[in-house]
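Down below is the structure, laid out as structure tokens.
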Amino acid sequence: MVTTHNLGFPRIGAKRELKFGLESYWKGQSSLSELKSLGAQLRQRHWINQANLDWVPVGDFAFYDQMLDMSFTLGNLPGRVRGFHGDSLDNYFRVARGRSAHGVDHAGCCGGGVAAGEMTKWFDTNYHYIVPEFSAGTEFQLDSSRLLEQLAEAKAQGVKAKPVIVGPVTYLALGKAKDESDRLALLPRLLPVYAQLLAELGAQGVEWVQVDEPLLVTELDADWQHAFNAAYHQLKSCGVKLLVATYFGPLQENMYLAANLPVAGLHVDAVNGREDVVPLLNMLPTHKVLSLGVINGRNIWKTDLNRLLDWLEPLRDRLGDRLWIAPSCSLLHVPVDLGSEKKLDAELKSWLAFALQKLHELEVLATALNMGRDWARDALAANQAAVDSRRVSPRVHDPAVQAAVAGLTLDLGRRHSVYEQRAATQAALLKLPAYPTTTIGSFPQTAEIRHARSEFRAGRLDQAGYKLAMQREIARSVKEQEALGLDVLVHGEAERNDMVEYFGEQLDGYAFSEFGWVQSYGSRCVKPPILFGDISRPKAMTVEWIRYAQSLTAKPMKGMLTGPVTILNWSFVRDDQPRSRSCFQLALAIREEVLDLERAGVRVIQIDEAALREGLPLRKSQWKTYLDWAVESFRITANGVRDETQIHTHMCYSEFNDIIESIAGMDADVITIETSRSDMELLDAFDHFKYPNEIGPGVYDIHSPNIPTQAHIEQLMRKAAERIPASRLWVNPDCGLKTRAWEEVIPALTNMVAAARALRAA
Ligand code: GLN
Ligand code: ZN
């Protein structure tokens, strides 16, 4: 018999109950015991949702983050929160969110408060975890209370529990040694704690423990490979069976290592690492369970079950009882229930599967594998009909768009002249001073803006009324910018709820869910738009707003667009064509917008690529392929303009060293980046590479409510000028200002403009 199981369930709740519970507790509007009982309710409900599986994950629920849970389980608390006398869940939130001296939460603060733990991306997902902190002196001490309590709850509910923990090697690898010490040196101290935990679980009657080691899908040097062997040799006789779970990609060169760890089972990603499976079969010792992650845990599409069965049936014949099936990874990365969606049209809905629907697919597969396809005839027929309808739907396939992508040439991505020549033409036309000042696009999203938008959405404000309200906001931000004396203005993005959704809503080939929320970090969720079909732009999307804004000022007004790579990386994308093809389609659609803006007389156009870096594959060996098509997509979008038109791009992160060549390859006339917190050191990458075009290193950390002083900005810019010739420097904030208030923005930008003027005068 084939065994079914799940690696993890979305904890946030189908209606984001956990988010609201957390936020209400943090605001002091509800009690800790209410929050804890909400957690228990959600776990209970989610176990009921998974009741048909042979093994159900326990311990995957986290109030904030599974890595932080693990740090608490291992007793690895940052020194600054030790000795806390309150409830340990409160202490957990102190690490997750920080606590300022005056009791207000805000990340990264210090001086009397508690600095929040650093947060970073979980592999190549949009989920962020709290980075474990290590030093040479780190000691571990088991606190199994959370896991044992949840296990007891599960047992009381009759759940076939399979506890889930983050494995020791991945745990160490994802942490940071604050004192630059070698974190692998901690392994001997860490393993006894794991052994003790596993023994305690065994004592509770646990049979299987899932140990997540997604590190195995990344490139490992010899020390880390060795750590895997060392770790699992030490854990092998701990009284429970271990299922080492890998996901997010193929094992490739780590396959032999993974196959031969002394554990009872191995889970592999058979969606993103399908090619591993057959060679793995020949390598895997015959006593081991092989769990195949066959349902995609990273997207929202229905699986083609018959086709999957064609592939699985011979594997079942070969593996027999040793075959387990599961989603490819934890379902944390997909929304909970398609059934909540009332506005999606029936056809589109029939193509989709969220977490609950994915678990149902797993059941159908198990029935077909264990009893024959006949026993699942109706479910398989319905699945087939949906999959077929998507495959041939004219809503998905637009021959004109496909022909345009097939006809792409390199010429399309090339400016007419080289940067020096364009720069001269643009300078003569724009007549900007040295150290020109600008902002990144958005101005504060005020209560009035949000109110007007929600009234419009609810139908209480008509199109004309909404337009007027937005124009009022645009006029306000133009007036403020003129008063501030900025050189290149923006319209302020009042009309945009979100930099991706705004464009998705106006493009053909995009759909939007109501409840398709996915946890990004803590209580924060995102609702990625669903890119389902060939992309086209029925009509101009931004031109009217920009034209209106330009009509209010003699200064240059930037056209403001989101780039194709960012739109792609922040969407659920198609699984029936390569990401690169969807990206090229987006590029062609946004290119038309760029050209329309140019025709409307807009002389500066900014194309944001905030998420370009996020799309980097897990393995460095695949970076080039990604960067090549990503950069080409940007070039197609941006570079069809005349020399006179100045192209800006913006990226809000601070790591460019390893991708600088590609960044330069985009050939934007101006790039604005996040630098204020890194003290301009990241400009070294641009300096060493001899980055040829203009750069606006952010001088105002918009994430902080602090107002930067003129002196500080001048100092940062002088540091910048040590690395980049002053003639190619711009002065601007790190990112958009939509999350700040006007009362913060005005003094900060006043100082910024004053700093630029002082630099010019010097
Ligand atoms: N133009 C966008 C804004 O200013 C850019 C946001 C971003 O880079 N994340 O809001
Ligand atoms: Zn930004």
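So for the sequence shown, our numbering puts the first residue at 17; every next one is plus one. Virtual Cβ for every residue (Gly too), placed ideally from N, Cα, C. Keep in mind that this is a model prediction, so the values were computed, not measured.
Check, Outcome
"Reduced DSSP secondary structure (H/G/I, E/B, other) of residue 83", "helix"
"Reduced DSSP secondary structure (H/G/I, E/B, other) of residue 714", "strand"
"For residue 577, the nearest candidate out of 535, 623, 546 and 598 (CA to CA)", "623"
"Under the three-state DSSP convention, the category residue 315 falls into", "coil"
"Residues that residue 115 bridges to, as DSSP identifies them", "130"
"Inter-residue CB distance, residue 266 and residue 288 (contact presumed, cutoff 8 Å)", "7 Å"
"Rounded Cβ spacing between residue 665 and residue 750 (contact assumed at less than 8 Å)", "That pair is no contact at about 14 Å."
"Any non-hydrogen atom of the ligand ZN closer than 6 Å to residue 627 Cβ", "no"
"Beta-carbon contacts of residue 643 that lie in its chain and below 6 Å, excluding the five residues immediately before and after", "678"
"Range of the contiguous alpha helix (DSSP H) that encloses residue 611", "595-615"
"Same chain only: Cβ atoms within 6 Å of residue 77, ignoring 5 sequence neighbours per side", "27 and 59"
"Contact belief for residue 211 with residue 254 at Cβ below 8 Å, rounded distance in angstroms", "5 Å"
"Residue 413 - DSSP class collapsed to helix/strand/coil", "coil"
"Within-7 Å CB hit, residue 240 to chain D", "Any reference to chain D falls outside this structure, which holds one protein chain only."
"Three-state class that DSSP yields for residue 760 in the structure shown", "helix"
"Integer-rounded CB distance, given that residue 394 should sit under 8 Å from residue 370", "Rounded, the Cβ-Cβ distance is 21 Å, inconsistent with contact."
"Per-residue burial, residue 129 [other beta carbons within 10 Å of its own, 16 or more giving buried]", "buried"
"Limits of the unbroken alpha helix (DSSP H) element including residue 257", "Not the alpha helix (DSSP H): residue 257 falls in the beta strand (DSSP E), residues 257-261."
"Euclidean distance between Cα positions of residue 52 and residue 164", "15 Å"
"Buried versus exposed call for residue 754 [16 or more other C-beta atoms within 10 Å across all chains shown]", "buried"
"Cα-Cα separation between residue 662 and residue 290, rounded to whole angstroms", "45 Å"
"heavy atom of the ligand GLN below 6 Å from residue 70 C-beta", "no"
"Contact under 7 Å by Cβ, residue 176 with residue 340", "no"
"Inter-residue CB distance, residue 75 and residue 166 (contact presumed, cutoff 8 Å)", "6 Å"
"Nearest to residue 104 (by Cα), restricted to the options 88, 477 and 94", "88"
"Rounded separation between residue 18 and residue 329 - CA only", "11 Å"
"Classification of residue 467 by the beta-carbon crowding that lies within 10 angstroms, buried from 16 upward", "exposed"
"8 Å CB neighbourhood of residue 271 in its chain, flanking five on each side removed", "292, 295, 296 and 299"
"Residue 712 Cβ short of 6 Å to the ligand GLN heavy atom set", "no"
"Backbone CA spacing between residue 106 and residue 68 [nearest angstrom]", "35 Å"
"Minimum C-alpha distance to residue 24 - residue among 65, 599 and 44", "65"
"Residue interval of the beta strand (DSSP E) (run including residue 754)", "Careful: residue 754 lies outside any beta strand (DSSP E) and carries neither H nor E."
"Three CB pairs or more closer than 8 Å across the segment 527-544 and the segment 394-403", "no"
"Cut-off 8 Å between Cβ atoms - residues of its own chain near residue 277, not counting five sequence neighbours on either side", "244, 245, 248 and 260"
"Three-state class that DSSP yields for residue 295 in the structure shown", "helix"
"Rounded separation between residue 388 and residue 320 - CA only", "17 Å"
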